[in-house]
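From first to last, the protein sequence lines are chains P and V. Note that my numbering gives residue 146 to position 146 of the first sequence, counting from 1, and the numbers run on in steps of one. Note that my numbering gives residue 123 to position 123 of the second sequence, counting from 1, and the numbers run on in steps of one.
Number of protein chains: 2
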Amino acid sequence: MRRGEPRSEELDPRVARSLQTILHAALEELGDVGYGAFTIESVAARAGVGKSTIYRHWPSKLALIEGAFQTLHEQAAPDIVSGSPRERVERIVRHVAEVVAGKPFSSCIPALIDGAERNRDVRRFHHRFQREARKPLVAVIAMGVECGDFESHIDPELTAIALVGAIFYRRLMTNEPFRPGQAAELVATTFGVATRSRAR
Amino acid sequence: MRRGEPRSEELDPRVARSLQTILHAALEELGDVGYGAFTIESVAARAGVGKSTIYRHWPSKLALIEGAFQTLHEQAAPDIVSGSPRERVERIVRHVAEVVAGKPFSSCIPALIDGAERNRDVRRFHHRFQREARKPLVAVIAMGVECGDFESHIDPELTAIALVGAIFYRRLMTNEPFRPGQAAELVATTFGVATRSRAR
DNA sequence: TCGCAGCGATACGTCAACGTATCACTGCTT
DNA sequence: AAGCAGTGATACGTTGACGTATCGCTGCGA
């Protein structure tokens with residue numbers, strides 16, 4: 001083996017179990033202590049696993065950290081095909097707010113940001129992850145502009161960033177995290193005007 | 001002494017010099033290695049100072065970290081009294097973008113976020129700092145709403161957060177940081193319509 | 001000009017984590 | 001049923017940081 005990624009090939013069940021347990025513990029550890037203070041020994045203790053088992057599967061501490069961040073991928077996608085563009089935007093914004101507020105992602109955001117600042121591979125992963133997550137929102141806004149639901153002069157990418165930026169800002173820079181229930185309010189405030197101007 | 005805050009009282013010049021040198025080095029170190037990997041010995045080396053000198057002024061590593069973050073305060077404020085509300089908002093947004101992109105604040109943002117997540121005092125400082133920084137923007141937007149320049153239904157606080165949130169989001173979650181020159185574009189996209197609807 | 005407070009340097013003991021090695025044991029695969 | 005690959009435990013040497021202590025040196029204030 002000697003590769004961090006869990007191979008989907010047939011695998012000794014003991015190995016599969018180890019990998020999953022360790023990655024789960026590593027993600028928790030990252031959320032708890034952050035990127036800089038992350039230690040392999042804590043992960044081993046948390047996972048109830050020997051240090052050697054970790055070193056058997058990942059060549060170094062950094063590789064394990066990267067592996068742990070990879071496990072952040074699994075998230076159900078919201079419905080983005082039904083309803084008006086405005087409704088779809090609200091639904092996506094609510095979904096982002098839920099992910100940002102929920103486990104395991106929420107507690108890892110600071111570690112992810114700090115990790116991205118220190119390590120190039122973490123950074124690449126982090127930025128790509130965010131770009132992918134933003135994509136449906138940008139697409140729906142662009143569609144809304146095209147079909148005249150939103151003002152033609154707005155920039156879909158920039159609007160999307162203002163929306164999700166507000167959610168992350170509240171999580172990271174204030175002690176009043178954004179609640180998913182406020183999604184409609186955020187959309188209304190941020191570019192509700194554009195919708196109203198059509199309804200007039 | 002034994003207190004981290006630089007007293008404005010009369011002070012042995014050697015002490016004053018030490019404090020300033022050490023705090024400056026500590027801030028650089030935080031920007032470079034982050035909160036979790038911050039070490040006193042590195043700060044001493046970077047400052048060209050004995051370890052003992054640091055321990056003479058701060059009781060522990062954490063106290064020094066807090067002291068270092070305190071030094072982030074100094075920033076010139078933008079002009080917020082002349083021009084239309086719309087112009088003032090643009091000026092403030094541009095100023096925030098400059099601070100977020102400039103030294104020494106920019107490189108400390110990830111460390112600050114991570115530090116805030118791990119330590120209660122850092123968190124309090126961080127949130128208060130952000131709240132203060134947001135205040136003029138919220139006030140100007142509220143004024144614009146009151147005097148009819150902006151749509152009456154927008155929430156000044158939420159709008160302000162969408163604006164600065166976009167700037168921080170670009171800094172932390174993408175590899176295309178927000179450039180101060182895009183301030184007008186951001187304002188136009190986010191609530192340009194509100195201004196236009198009045199001009200109609 | 002004198003004396004001392006603050007200085008940088010350095011050494012010290014402690015601890016924790018890194019990454020390696022070894023070793024029975026156990027539960028897969030065949 | 002056999003045997004081996006993967007396991008947890010444990011010990012090891014190394015490194016680096018914590019925080020303390022001690023030491024001459026120096027530049028500030030009286």
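Yeah, the Cβ is synthetic: ideal placement off N, Cα and C, and Gly gets one too.
* Asked: Is Gly102/V near Phe69/V, with beta carbons less than 8 Å apart?
  -> For Gly102/V and Phe69/V, no; Cβs fall outside 8 Å.
* **Ile92/V and Ala166/P closer than 8 Å at C-beta** => no
* **Within-8 Å CB hit, Ala199/V to chain P** => Model confidence at Ala199/V stands at a pLDDT of 36, short of 50, so the residue's coordinates are unreliable; what they give is reported in the following sentence. Cβ-Cβ to chain P under 8 Å: no for Ala199/V.
* Figure out for me which residue from Glu41/V, Asp155/V, Ser60/V and Leu172/V has the closest Cα to the Cα of His220/P. => Outside the shown range of chain P (1 to 200) lies residue 220/P, about which nothing can therefore be said.
* chain V residues whose Cβ lies nearer than 8 Å to that of Ile92/P -> Chain V residues near Ile92/P: none, gap ~15 Å exceeds 8 Å.
* Which residue from Ala183/V, Glu157/V, Ala184/V and Arg94/V puts its Cα closest to that of His190/P? -> Note that residue 190/P is Thr in the sequence shown here, rather than His. Ranking Ala183/V, Glu157/V, Ala184/V and Arg94/V by Cα distance to Thr190/P puts Glu157/V first.
* On the three-state DSSP scale, how would you describe Arg2/P? -> Here the model assigns Arg2/P a pLDDT of 35, short of 50, so the residue's position is not dependable, and the following value carries that caveat. Coil, per DSSP.
* **Collapsed DSSP secondary structure at Phe38/V in the structure displayed** => coil
* Counting only beta-carbon atoms, is Arg120/V nearer than 8 Å to chain P? -> no
* Please determine, among Arg131/P, Ile141/P and Arg124/P, the residue with the shortest C-alpha to C-alpha distance to Arg86/P. => Ile141/P
* So, is the C-beta of Thr39/P closer than 8 Å to a C-beta in chain V? -> no
* Assuming Ala183/V and Ala97/V make a contact with CB atoms under 8 Å, what is their CB distance in whole Å? -> 6 Å
* **Whole-angstrom distance between Val187/V and Ala45/P, CA atom to CA atom** => 50 Å
* By the 10 Å Cβ neighbour count, where 16 or more other Cβ atoms means buried, how is Glu28/P classified, buried or exposed? -> buried
* Asked: Sorted by chain position, which residues of the same chain lie with C-beta nearer than 8 Å to Val138/V's C-beta, five sequence neighbours on each side aside?
  -> Pro156, Glu157 and Ala160
* **Three-state secondary structure assigned by DSSP to Asp114/V** => helix
* Residue range of the unbroken alpha helix (DSSP H) whose run includes Lys61/V -> Lys61 to Gln70
* Excluding five sequence neighbours on each side, which residues of the same chain lie with their C-beta closer than 8 Å to the C-beta of Ser82/P? -> Arg88
* Asked: Relative to the alpha-carbon of Asn35/P, which residue among Ala63/P, Glu176/P, Pro136/P and Val145/P has its alpha-carbon at the smallest distance?
  -> Correcting the residue identity first, residue 35/P is Tyr in this sequence and not Asn. Looking at the Cα atoms, Ala63/P is the closest of the given residues.
* To do: Compute the distance between the beta-carbons of Gly31/P and Ala111/P, then report whether it is under 8 Å.
  => yes
* To do: List the endpoints of the continuous alpha helix (DSSP H) containing Ile167/P.
  => Pro156 to Met173
* Asked: So, are the CB atoms of Gln130/V and Thr174/P less than 8 Å apart?
  -> With a cutoff of 8 Å on beta-carbon distance, Gln130/V and Thr174/P are scored as near each other.
* Out of curiosity, what's the CA-to-CA distance linking Glu5/V and Val15/V? -> Low confidence applies to Glu5/V: its pLDDT is 40, below 50, so where it sits in the model is not reliable enough to give any reading.
* Closer than 8 Å to chain P by CB, Gly34/V -> At least one chain P Cβ lies under 8 Å of Gly34/V.
* Can you name the residues of chain P whose CB is closer than 8 Å to the CB of His95/V? -> Per Cβ cutoff of 8 Å: no residues; His95/V is ~17 Å from chain P at best.
* Asked: Taking Cβ to Cβ, would you say Asp121/V is nearer than 8 Å to Glu66/V?
  -> yes
* Would the beta-carbon of Ile113/P fall within 8 Å of that of Ile113/V? -> yes
* chain V beta carbons: is any one of them nearer than 8 Å to that of Met143/P? -> no
* **chain V contacts made by the region 111–135 of chain P, where a contact means CB separation under 8 Å** => Ala111, Ile113, Asp114, Ala116, Glu117, Arg118, Arg123, His126, His127, Gln130 and Arg131
* Local Cβ density within 10 Å of Arg3/V, reported as buried at 16 or more and exposed below that -> Residue placement at Arg3/V cannot be trusted, given a pLDDT of 37 that sits under 50; the coordinates are not used to answer.
* In chain V, what lies closer than 8 Å to Glu10/P by C-beta? -> Within chain V, no residue comes near Glu10/P; the closest Cβ sits about 37 Å away, beyond 8 Å.
* To do: Can you give me the Cβ contacts of Glu41/V inside the same chain, cut-off strictly under 7 Å, excluding the 5 residues immediately before and after it?
  => Lys51
* To do: Kindly say whether Glu146/P, judged by its beta-carbon, lies nearer than 8 Å to any beta-carbon of chain V.
  => no
* Asked: Is there a Cβ from chain P that is less than 8 Å from the Cβ of Glu29/V?
  -> no
* To do: Measure the CB-CB distance between Ser18/P and Val49/P and report whether it falls below 8 Å.
  => A distance below 8 Å separates the beta carbons of Ser18/P and Val49/P.
* To do: Pull up the distance between the alpha-carbon of Phe38/V and that of Glu90/V, whole angstroms please.
  => 37 Å
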